[in-house]
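There are 2 protein chains.
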Amino acid sequence: MNLIILFGGSSYEHEISIVSAITLKDKIKKHNLSFVFVDRNRDFYLIEKENMKSKYFSSFEYKKAKKLNLQKGGFFYKKLFGNENINGIVLNLIHGRDGEDGKIAGMMQFFGIKCITPNIEASVISYNKLYTKMYAKEIGVKVLNYRYVTDNSYIPESFPVIIKPVRLGSSIGVTIAKNKDEYLYGLDVAFEFDDGVIIEEFKEGISEYNLAGCKAGELIFSKVEKVNKKEFLSYDDKYCDFSRKEVETQKVDSILEEKIKENFSKIYENLFNGALIRCDFFELNGEIYLNEINPIPGSMANYLFEDFDEVIEKLSNSLKFEKRIEIDYSYINKIQMAKGK
Amino acid sequence: MNLIILFGGSSYEHEISIVSAITLKDKIKKHNLSFVFVDRNRDFYLIEKENMKSKYFSSFEYKKAKKLNLQKGGFFYKKLFGNENINGIVLNLIHGRDGEDGKIAGMMQFFGIKCITPNIEASVISYNKLYTKMYAKEIGVKVLNYRYVTDNSYIPESFPVIIKPVRLGSSIGVTIAKNKDEYLYGLDVAFEFDDGVIIEEFKEGISEYNLAGCKAGELIFSKVEKVNKKEFLSYDDKYCDFSRKEVETQKVDSILEEKIKENFSKIYENLFNGALIRCDFFELNGEIYLNEINPIPGSMANYLFEDFDEVIEKLSNSLKFEKRIEIDYSYINKIQMAKGK
Numbered sequence: 000m001n002l003i004i005l006f007g008g009s010s011y012e013h014e015i016s017i018v019s020a021i022t023l024k025d026k027i028k029k030h031n032l033s034f035v036f037v038d039r040n041r042d043f044y045l046i047e048k049e050n051m052k053s054k055y056f057s058s059f060e061y062k063k064a065k066k067l068n069l070q071k072g073g074f075f076y077k078k079l080f081g082n083e084n085i086n087g088i089v090l091n092l093i094h095g096r097d098g099e100d101g102k103i104a105g106m107m108q109f110f111g112i113k114c115i116t117p118n119i120e121a122s123v124i125s126y127n128k129l130y131t132k133m134y135a136k137e138i139g140v141k142v143l144n145y146r147y148v149t150d151n152s153y154i155p156e157s158f159p160v161i162i163k164p165v166r167l168g169s170s171i172g173v174t175i176a177k178n179k180d181e182y183l184y185g186l187d188v189a190f191e192f193d194d195g196v197i198i199e200e201f202k203e204g205i206s207e208y209n210l211a212g213c214k215a216g217e218l219i220f221s222k223v224e225k226v227n228k229k230e231f232l233s234y235d236d237k238y239c240d241f242s243r244k245e246v247e248t249q250k251v252d253s254i255l256e257e258k259i260k261e262n263f264s265k266i267y268e269n270l271f272n273g274a275l276i277r278c279d280f281f282e283l284n285g286e287i288y289l290n291e292i293n294p295i296p297g298s299m300a301n302y303l304f305e306d307f308d309e310v311i312e313k314l315s316n317s318l319k320f321e322k323r324i325e326i327d328y329s330y331i332n333k334i335q336m337a338k339g340k
Numbered sequence: 000m001n002l003i004i005l006f007g008g009s010s011y012e013h014e015i016s017i018v019s020a021i022t023l024k025d026k027i028k029k030h031n032l033s034f035v036f037v038d039r040n041r042d043f044y045l046i047e048k049e050n051m052k053s054k055y056f057s058s059f060e061y062k063k064a065k066k067l068n069l070q071k072g073g074f075f076y077k078k079l080f081g082n083e084n085i086n087g088i089v090l091n092l093i094h095g096r097d098g099e100d101g102k103i104a105g106m107m108q109f110f111g112i113k114c115i116t117p118n119i120e121a122s123v124i125s126y127n128k129l130y131t132k133m134y135a136k137e138i139g140v141k142v143l144n145y146r147y148v149t150d151n152s153y154i155p156e157s158f159p160v161i162i163k164p165v166r167l168g169s170s171i172g173v174t175i176a177k178n179k180d181e182y183l184y185g186l187d188v189a190f191e192f193d194d195g196v197i198i199e200e201f202k203e204g205i206s207e208y209n210l211a212g213c214k215a216g217e218l219i220f221s222k223v224e225k226v227n228k229k230e231f232l233s234y235d236d237k238y239c240d241f242s243r244k245e246v247e248t249q250k251v252d253s254i255l256e257e258k259i260k261e262n263f264s265k266i267y268e269n270l271f272n273g274a275l276i277r278c279d280f281f282e283l284n285g286e287i288y289l290n291e292i293n294p295i296p297g298s299m300a301n302y303l304f305e306d307f308d309e310v311i312e313k314l315s316n317s318l319k320f321e322k323r324i325e326i327d328y329s330y331i332n333k334i335q336m337a338k339g340k
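The listed protein sequences correspond, in order, to chains R and P. Numbering-wise, numbering that gives the first Met the number 0 puts 136 at position 137 of the first sequence, and it's gapless, one number per residue. Numbering-wise, numbering that gives the first Met the number 0 puts 277 at position 278 of the second sequence, and it's gapless, one number per residue.
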């Protein structure tokens with residue numbers, strides 16, 4: 000199988016995506032890999048495997064690479080006579096804007112390219128934290144209480160609270176505020192990144208669990224990871240976290256694990272078909288709460304799976320093209336007949 | 000101003016979109032129009048104004064028109080030396096799939112093309128009737144009780160009910176069922192179009208009101224139209240409805256009108272910025288309920304506006320490009336420094 004890793008993007012998480020792609024280069028061993036980079040100007044480049052090093056991008060050397068055109072059927076580059084297509088299944092590894100907001104998913108569908116990605120609906124529901132909350136409530140998954148604000152007129156009654164821009168990942172723009180001053184400052188920070196912000200009670204001592212998975216016929220679950228966290232993982236923590244080898248296994252209670260999997264299934268089916276996602280849950284007094292859905296987790300959460308190559312292969316084989324709609328102009332013909340034309 | 004009417008698409012409403020575009024040809028008088036057709040294979044064609052007749056499409060004559068490529072910056076066609084761009088602001092007039100599911104919106108944003116369209120989030124929220132209900136509840140707009148089903152295991156306790164595929168417009172696949180047999184048959188019909196279905200109580204004698212509008216600085220409202228309907232408008236009724244000249248004005252109570260506008264504002268702001276939408280409301284015992292959001296209404300609901308040209312011009316002038324994200328590789332550089340590379 001040829002897998003095309005699509006990474007970069009016009010996103011605050013552009014650099015994280017580069018690191019994610021470099022990580023996957025070593026983690027995917029059984030499949031043939033191509034690398035397509037979306038630069039900050041949204042131009043596409045075909046990156047040779049030996050150039051998959053962070054410096055190649057930060058030094059802008061990538062501009063010497065083959066430029067690609069996205070068209071019906073795939074990514075094409077110019078040859079002396081005609082255009083050549085890069086064959087394969089695309090893996091959308093663009094974190095944040097472009098990748099997780101539905102743009103790439105929509106383009107891949109429109110141009111008829113098979114792609115491991117959250118689809119447009121799944122992207123919108125998971126990229127926007129307000130919609131994630133709405134969706135979770137609709138399907139019967141618990142979430143922590145929250146308030147959605149678009150200005151600083153609301154002041155919480157008690158602290159600490161956690162302030163999150165409604166559309167960003169990787170903890171960018173997130174603050175924990177212990178009092179009103181910190182709160183107002185945190186809001187300012189968050190509004191630099193988005194025009195909507197979610198305010199949540201910050202619960203000390205809450206446990207966090209991560210579970211990744213995808214559907215290929217049936218659901219494939221990863222290990223459940225208990226997050227050993229400090230007060231909270233900052234952007235830097237998460238960023239450096241990509242390089243880790245595997246999860247420190249900490250025994251997770253089997254009843255709790257079942258509950259987490261049950262919640263994951265409700266969230267996944269069937270909205271996330273075609274995607275490998277990671278859900279971050281909280282546990283408080285035996286109850287499970289959804290924190291976030293990561294529809295394109297860092298380095299695809301490969302470290303949570305025993306046999307990541309196999310998971311990717313099964314998921315790829317489960318991908319389907321969009322249903323073809325037959326258009327036969329019967330309505331227009333009927334009207335023309337009626338008009339006697 | 001040059002306006003590029005984008006129509007067609009791989010959609011069950013492909014033919015409606017053609018009729019919509021032909022209608023707008025006569026309704027937009029002050030602006031220069033270009034027509035870009037997306038055929039059932041998702042190829043783009045530049046259609047000359049004089050060829051904007053339904054037969055040109057139903058006879059497949061359009062295949063002789065200039066083929067276009069969608070790329071960064073616009074729609075291009077090949078000239079002897081290089082490529083030529085069609086300049087202008089795009090008006091997304093593709094009803095249903097492709098146009099209303101977020102694909103076109105995403106591509107326009109990605110390729111940096113200004114476009115009158117619901118954005119990706121707005122598309123997903125309005126295209127999927129379940130998400131419309133979730134959204135309405137979140138922002139405090141009433142909806143009729145509903146049940147979302149994915150199979151035929153649920154049987155309503157009382158009839159009549161209305162059965163709607165969760166993602167289609169123009170009443171395609173919609174049935175009103177007066178008893179269990181009709182219900183099961185109606186479900187079968189709906190599941191031919193979608194894997195999710197919304198069941199609603201069908202209220203006899205409910206009044207329906209339509210209101211269109213958009214934001215250009217402030218909200219611009221159309222007239223409020225009271226729908227003179229038969230039991231319910233079928234696909235054929237709606238289809239033939241496009242050709243009508245103007246709304247039969249029926250005096251709408253001013254308190255009711257205010258309530259409808261208030262609900263419209265809640266729904267529109269700021270999710271639908273950049274789009275001209277029509278909201279269909281029900282009125283029952285003085286309460287207003289949202290029925291549906293049409294983010295790309297048939298022929299842009301031009302018949303509801305006094306000066307449609309002006310509305311389009313104001314809306315066009317309000318469009319903004321997506322915010323540019325600066326990427327300076329500071330994180331990658333920091334890590335390289337730390338590693339001593």
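The beta carbon of each residue, even a glycine, is placed where N, CA and C say it ideally should be.
Going by Cα to Cα distance, which pick from the options is closest to residue i?
i      : options                        : result
P/K63  : P/L183, P/E309, P/D42, P/E312  : P/D42
R/E217 : R/T174, R/S253, R/I197, R/L275 : R/L275
R/L67  : R/F280, R/S170, R/E137, R/N82  : R/N82
P/N1   : P/E312, P/F320, P/I331, P/M106 : P/E312
P/F110 : R/I324, R/G8, R/D327           : R/G8
R/V173 : R/F201, R/N144, R/D306, R/I334 : R/F201
R/F192 : P/S152, P/Y11, P/L143, P/E321  : P/E321
P/P159 : P/I175, P/V310, P/D252         : P/I175
R/L318 : R/N272, R/K141, R/D252, R/S125 : R/N272
P/L23  : P/I295, P/L270, P/N209         : P/I295
P/G285 : P/E291, P/L255, P/E305         : P/L255
R/N209 : R/F220, R/E12, R/I197          : R/F220
R/K65  : R/G87, R/N40, R/F34, R/G98     : R/F34
R/Y288 : R/A215, R/E207, R/E268, R/R39  : R/E207
In terms of residue numbering, what span does the beta strand (DSSP E) encompassing residue i cover?
i      : result
R/K66  : 65-70
R/Y208 : 206-215
R/V37  : 31-37
P/T174 : 174-176
R/I85  : 82-85
P/Y76  : 73-77
P/Y147 : 145-148
Consider the Cβ of residue i: report whether some Cβ of chain A lies at a distance smaller than 7 Å.
i      : result
P/F109 : Going by chain labels, chain A is absent from the structure shown, which instead holds the protein chains R and P.
Can you pull the chain P neighbours of residue i, defined as C-beta to C-beta under 9 Å?
i      : result
R/F304 : Residues of chain P passing the Cβ test: none, with the nearest at roughly 25 Å.
R/M336 : Correct list: empty, because the minimum Cβ distance to chain P is about 11 Å.
How would you list, in chain order, the residues of chain R whose beta-carbon sits under 9 Å from the beta-carbon of residue i?
i      : result
P/K344 : Any answer about residue 344 of chain P is impossible in this case: the structure gives chain P only from 0 up to 340.
P/I331 : E14, I17, V18, S53, K54, F56, S57
P/R146 : Those do not exist, as P/R146 stays about 12 Å from chain R at its closest Cβ, beyond 9 Å.
Along chain P, which residues have their Cβ under 7 Å away from the Cβ of residue i?
i      : result
R/S10  : I324
R/E137 : M133
R/D187 : Simply none; closest approach about 17 Å.
R/H13  : I326
For the alpha helix (DSSP H) holding residue i, just list the boundary residues, first then last.
i      : result
R/T116 : R/T116 -> no alpha helix (DSSP H), and no H or E assigned at all.
R/E20  : It should be pointed out that residue 20 of chain R corresponds to Ala in this sequence rather than to Glu. Segment 13-26, the alpha helix (DSSP H) holding R/A20.
R/E181 : 179-192
R/E257 : 253-267
R/F307 : 307-317
P/K363 : Chain P is shown from 0 up to 340; residue 363 of chain P falls before or after that span and cannot be answered.
R/K338 : 329-338
Taking the DSSP output, what are the residues bridged to residue i?
i      : result
P/G101 : Note: P/G101 sits in no beta bridge, so no partner.
R/D279 : R/N209, R/E291
R/V223 : R/L210
R/L45  : R/V35, R/K65
P/K163 : P/I197
In chain R, what lies closer than 8 Å to residue i by C-beta?
i      : result
P/N68  : Q70
P/G172 : Simply none; closest approach about 13 Å.
Residue i versus chain R: which residues are under 7 Å apart at the beta carbon?
i      : result
P/D100 : I119
What does residue i reach in chain P if we use C-beta pairs closer than 8 Å?
i     : result
R/D97 : F109
Listed in chain order, which residues of the region 114-127 of chain R have Cβ atoms closer than 9 Å to some Cβ of chain P?
Result list: I119, E120, S122, V123, I124, Y126, N127.
Give me the subset of the region 291-322 of chain R whose CB atoms are less than 7 Å from a CB atom of chain P, sorted by chain position.
Those residues of the region 291-322 of chain R that come within reach of chain P (Cβ to Cβ, closer than 7 Å) do not exist; the list is empty.
Could you please tell me which residues of the region 18-35 of chain R, in chain order, have their CB closer than 9 Å to any CB of chain P?
Listed by position, the residues of the region 18-35 of chain R near chain P (Cβ gap below 9 Å) are V18.
When Cβ atoms are compared, which residues of the region 263-275 of chain R fall closer than 8 Å to chain P?
Contact annotation: in the region 263-275 of chain R, residues whose CB is within less than 8 Å of a CB in chain P are N269.
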